[in-house]
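Colleague: First the structure, which I've put down as structure tokens, then a few questions once you've had a look.
The structure is reproduced here in structure tokens:
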């Protein structure tokens, strides 16, 4: 009974964030996005331990450092606050959806094929590294990927009609969150 009540209260608290344009600081730059969904699962054991079993946040129309993305979904398991306060989740999975307009000089056709001019490209991930091969020539090249935050490591890349979906995972994410920032976040909800 209590976990269901707490879940309902959490839904009420996060509802004002949904469909709202927010700006958050990511590293040295601001990221602006629209919150599409916030969902939390809290079991009886989690309630007793002061942690969430699962937290999923989906944002859309992301703008950050001159880059854009159609959608970003972050799924966190075993979310809790350690002394400090430090926010901890283990593991964390991220899905980033890039539309045709988000991939620069590349084209993603209605057929879901990624192209550079007329050359079809087939992206893949191997051991956390991004590789691209041409669709009809035996050429393969590793593409440098900047270090991802929070120990994230690339796990996959797929193309679909009009979009590229990139996935990453971190076995554990630890982020120190100043108490004033936590209070401000709770007040805005």
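In the working numbering, the protein residues as written are 1070 to 1258.
All C-beta atoms, glycine included, are put in the ideal place defined by N, C-alpha and C.
Would you list the residues sitting across from residue 1176 in a DSSP beta bridge?
Modeller: For residue 1176, which the question treats as bridged, DSSP gives the partners 1184.
Colleague: Per DSSP, which one or two residues make a beta bridge with residue 1099?
Modeller: Residue 1099 is bridged to 1094.
Colleague: Would you mind stating whether residue 1170 and residue 1147 have Cβ atoms separated by less than 8 Å?
Modeller: No, these two residues do not count as a Cβ contact at 8 Å.
Colleague: When you compare the CB positions of residue 1102 and residue 1091, do they come within less than 8 Å of one another, or not?
Modeller: Yes, the Cβ-Cβ distance between residue 1102 and residue 1091 is below 8 Å.
Colleague: Excluding sequence positions up to five away, which residues of its chain have a Cβ less than 6 Å from the Cβ of residue 1158?
Modeller: Only 1145, 1148 and 1242 meet the Cβ criterion.
Colleague: Whole-angstrom Cβ separation of residue 1203 and residue 1190, contact assumed at under 8 Å?
Modeller: Going by Cβ atoms, the distance from residue 1203 to residue 1190 rounds to 6 Å, so yes, they are a contact pair.
Colleague: Three or more C-beta pairs closer than 8 Å, one from the stretch 1103-1113 and one from the stretch 1221-1235: is that the case here?
Modeller: No, they do not touch.
Colleague: At what residues does the beta strand (DSSP E) containing residue 1225 begin and finish?
Modeller: That run of the beta strand (DSSP E) goes 1222-1229.
Colleague: Look at residue 1192 and residue 1199 and say whether their C-beta atoms are less than 8 Å apart.
Modeller: Yes, the pair counts as a contact, with Cβ atoms nearer than the cut-off.
Colleague: Would you give the residue range spanned by the beta strand (DSSP E) that residue 1164 belongs to?
Modeller: Run containing residue 1164: 1161-1168, per the beta strand (DSSP E) assignment.
Colleague: Given a threshold of 16 other Cβ atoms within 10 Å of its Cβ, counted over all protein chains shown, does residue 1181 qualify as buried or as exposed?
Modeller: Its Cβ having fewer than 16 others within 10 Å, residue 1181 is exposed.
Colleague: Just reading off the beta strand (DSSP E) that residue 1156 is part of, what are its end residues?
Modeller: Here the beta strand (DSSP E) through residue 1156 covers 1155-1158.
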